[in-house]
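All residue numbers for the sequence shown refer to numbering that gives the first Met the number 0, where the first residue is 0 and numbers rise by one.
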Amino acid sequence: MYSCCCNRRKLLKRSLQAISLLALGSCQKSSSLASPIDLRAQESSKIQADTLQVLALRGIAQTQKQLKVGDQVFSGEVVEVDKDSEVILGAPDQSAFQLNSYARAQLILKKEGGQINLERGSVTAAITQKRNRKYRLRMPALQVGVKGTVFHAEADWLGEPNQAYFCLCYGQADLQGSTGAALMPLSASYHTALVGRGDEHNTEIQPLDVVANHDDLGIKRIIELGNVPHEMSWLRL
Numbered sequence: 000m001y002s003c004c005c006n007r008r009k010l011l012k013r014s015l016q017a018i019s020l021l022a023l024g025s026c027q028k029s030s031s032l033a034s035p036i037d038l039r040a041q042e043s044s045k046i047q048a049d050t051l052q053v054l055a056l057r058g059i060a061q062t063q064k065q066l067k068v069g070d071q072v073f074s075g076e077v078v079e080v081d082k083d084s085e086v087i088l089g090a091p092d093q094s095a096f097q098l099n100s101y102a103r104a105q106l107i108l109k110k111e112g113g114q115i116n117l118e119r120g121s122v123t124a125a126i127t128q129k130r131n132r133k134y135r136l137r138m139p140a141l142q143v144g145v146k147g148t149v150f151h152a153e154a155d156w157l158g159e160p161n162q163a164y165f166c167l168c169y170g171q172a173d174l175q176g177s178t179g180a181a182l183m184p185l186s187a188s189y190h191t192a193l194v195g196r197g198d199e200h201n202t203e204i205q206p207l208d209v210v211a212n213h214d215d216l217g218i219k220r221i222i223e224l225g226n227v228p229h230e231m232s233w234l235r236l
């Protein structure tokens, strides 16, 4: 169901292999490993008046209190999701974010988009296609700029904190290393996945022919619950 065109895969693989070498050189300037995201240090200074709303909930999710459907989550608050639980949050710009089992994340809303700081676990997101709405996804091993995009990301892929999984389900993204160094643009008309590994010397990106822990039906649900203005003809249901 999730196989991509062979030629596109080969082209992507060559591009990613080439950029891995470039990333090695550009990131050697960094003298220390990027620290794990400390959400507590950012929380008080980043909270804004904007809020997200809990659109759906399975199991347990909490900020400073346990959440329920209809609750508001302030911009900058840290959300933690229990094992085997998930929560879908809707933003004022009609972007929607599903935080999955074990996730710990902070969503910061800004005038023209926002930032998702994902410390652990995974997020599946549908970013509005409204004009000029840009978001940045920040994980310990990889950073990604997205606009009008559907994506799934895991901050600690296979239990490794310096290894991130990113699937560009549909749209465009700009990949960056753990230090924020620009790596490459990426586009996809259907699930295109990769793994980013970061340490004090380099950021390595490798293509991965695996669509992990998300599917088209789940994406459709997120788009519909969030009333996200987003193209859905690419979904294979």
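Where a beta carbon is used, it is the ideal one built from N, C-alpha and C, also for glycine. Quick caveat, the model's predicted, so the values are computed rather than measured.
Quick one: what does DSSP say Pro228 is sitting in, helix, strand or coil?
coil
With a cut-off of 8 Å on the beta carbons, I'd call Leu98 and Asp49 a contact; round off their distance for me.
Actually they do not touch by this definition, with Cβ atoms about 18 Å apart.
Mapping DSSP to helix, strand and coil, what is Arg220?
Arg220 falls in the helix class under three-state DSSP.
Check Glu159 in the structure and name its three-state DSSP category.
coil
CB-CB under 7 Å to Glu223, same chain, minus the five flanking residues each way: which ones, in chain order?
Cβ within range, chain order: n/a, list empty.
Give the range of the beta strand (DSSP E) segment to which Arg196 is assigned.
Thr191 to Gly197
Is Gln93 near Gln71, with beta carbons less than 7 Å apart?
Note that the C-beta distance between Gln93 and Gln71 is not below 7 Å.
Going by other Cβ atoms of all chains shown within 10 Å of its Cβ, with 16 needed for buried, is Arg235 buried or exposed?
exposed
Please state if the CB of Gly197 and the CB of Ala140 are separated by a distance shorter than 7 Å.
yes
Leu23 to Ile204, Cα distance in whole Å?
Unreliable placement is indicated for Leu23, whose pLDDT of 36 sits below 50; the coordinate value is still reported in the next sentence. The alpha-carbon of Leu23 is positioned some 10 Å away from that of Ile204.
Starting from Met183, trace the beta strand (DSSP E) in both directions and tell me its first and last residue.
Looking at the DSSP string, the run of the beta strand (DSSP E) that includes Met183 is Ala181 to Ala187.
Quick one: using the 10 Å Cβ neighbour count with 16 as the cut-off for buried, is Val68 buried or exposed?
exposed
Please classify Glu79 as buried or exposed, where buried requires at least 16 other C-beta atoms within 10 Å of its C-beta.
Burial call: buried.
Return the CA-CA distance between Ser74 and Gln114, expressed in angstroms with no decimal places.
As the crow flies, the alpha-carbon of Ser74 is around 10 Å from that of Gln114.
On the CB-based measure, 16 or more other CB atoms within 10 Å of its CB, does Lys146 come out buried or exposed?
Classification for Lys146: buried.
Use the C-beta contact count for Ser186: other C-beta atoms within 10 angstroms, 16 or more gives buried, fewer gives exposed.
Under this definition Ser186 is an exposed residue.
Whole angstroms is fine: what's the gap from Val194's alpha carbon to Gln63's?
Their backbone Cα atoms lie some 32 Å apart in a straight line.
Look at the Cβ atom of Thr148, then the Cβ atom of Ala172, and state whether they are nearer than 7 Å.
yes
Span of the beta strand (DSSP E) holding Lys146?
Gln142 to Glu153
I'd like the list of long-range same chain contacts for Gly112, defined as Cβ closer than 7 Å, with 5 residues on each side in sequence excluded.
Excluding sequence positions up to five before and after Gly112, its CB lies within less than 7 Å of the CB of Arg132, Lys133 and Tyr134, all in the same chain and listed in chain order.
Of all the options Ser232, Val227 and Gln61, which has the alpha carbon lying nearest to the alpha carbon of Lys129?
Val227
So, for Leu54: in the same chain, excluding its five sequence neighbours on each side, which residues have a beta-carbon less than 8 Å away from its beta-carbon?
Val68, Ile87, Leu88, Gly89, Ala95, Leu224 and Gly225
Alpha carbon to alpha carbon, how far is Gln142 from Ser177?
Spanning the two alpha carbons is a distance of roughly 6 Å.
Please name the residue in Leu106, Ala163, Glu153 and Tyr101 whose C-alpha comes closest to that of His213.
Glu153
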